[in-house]
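Be aware that the sequence shown starts at 1184, since it is given in the numbering used here, and climbs by one per residue.
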Amino acid sequence: MILIGHSWGAMLTSAYIREHPEKVDKAVLAEPGFLDNDHMEMFYERTGLKDMKPSVKVMRVLAEAWAESLRVEGTDPQTRQDYLINAFFTTPMGNHPLAGYYPEGKIENAAGDFWRFGSLASSKIPASGINSNGHLTDLAAGAELWDGEALFLSGSENIIIGPEYQRSQMKRFPRAWLVIIEGAGHTMFGEKTAESLTAVRNYLMR
């Protein structure tokens, strides 16, 4: 099969290859967040998310989002939490921890369509990969033995997990190469749709 994953999806793609290498011929990993503990620590160091001290601006954004979430109705218990978390990750504010993901360091330059944030998945999935010592399970374990091919994609404007970071991660795969999408940040498929899809199509036609 061929797997294509972006961000967390790329991390899950790597984990699937680890568990079922014989089933995967090709894989597209578009800016996976981190595939091992060293890169996870690098990610947290660059974003400051682990030891983040919320500013007055952040607290105000969260307070307003919390008040608004009380009026949100949905079909499941996560509806309000999804609204609250989405507000934090998409509201422009000074020193946003993920601003470096996007062109000009502006969160408003993100270009990805989604219905809901998925707070339950975003908490349960990462936690399932952390061992008792707080270290991330190696999602790329055994990649050096995989005989398939991997394409890594990265946006040129992502200064957190962009080209340099992905070059480091792709070393785990013996048959892998990197295509940089110029002018794009983390949401390259929305920011530079034609360029990103062309890179994937060219790879699949090899």
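No residue lacks a Cβ here, since even glycine has one placed at the ideal position from N, Cα and C.
Beta-carbon proximity list for residue i, same chain, < 7 Å, skipping 5 on both sides
i: A1294; result: T1370, G1373, E1374
i: L1232; result: P1280
Endpoints, beta strand (DSSP E) assigned at residue i
i: V1211; result: 1209-1213
Contacting residues, own chain, Cβ-Cβ under 6 Å from residue i (five flanking each side not counted)
i: G1312; result: L1319, T1320
i: P1275; result: I1290, E1291
i: A1324; result: R1201
i: R1263; result: S1252, V1255
Residue interval of the alpha helix (DSSP H) (run including residue i)
i: G1192; result: 1191-1202
i: D1219; result: No alpha helix (DSSP H) contains D1219, which DSSP labels as neither H nor E.
i: T1262; result: 1262-1273
Coil, strand or helix - residue i by DSSP
i: L1281; result: coil
i: L1253; result: coil
i: M1223; result: helix
i: L1232; result: coil
i: R1389; result: coil
Bridge partner(s) assigned by DSSP for residue i
i: L1186; result: A1210
heavy atom of the ligand MG below 6 Å from residue i C-beta
i: R1299; result: With respect to the ligand MG, the structure offers nothing, as it holds no ligand at all.
* Jot down the residue ranges of each uninterrupted alpha helix (DSSP H) in the region 1296-1384, minimum 4 residues, whole runs only, in chain order. => Under the rule that a run must span 4 or more residues, the alpha helix (DSSP H) segments found entirely inside the region 1296-1384 read 1302-1311, 1346-1353, 1371-1374.
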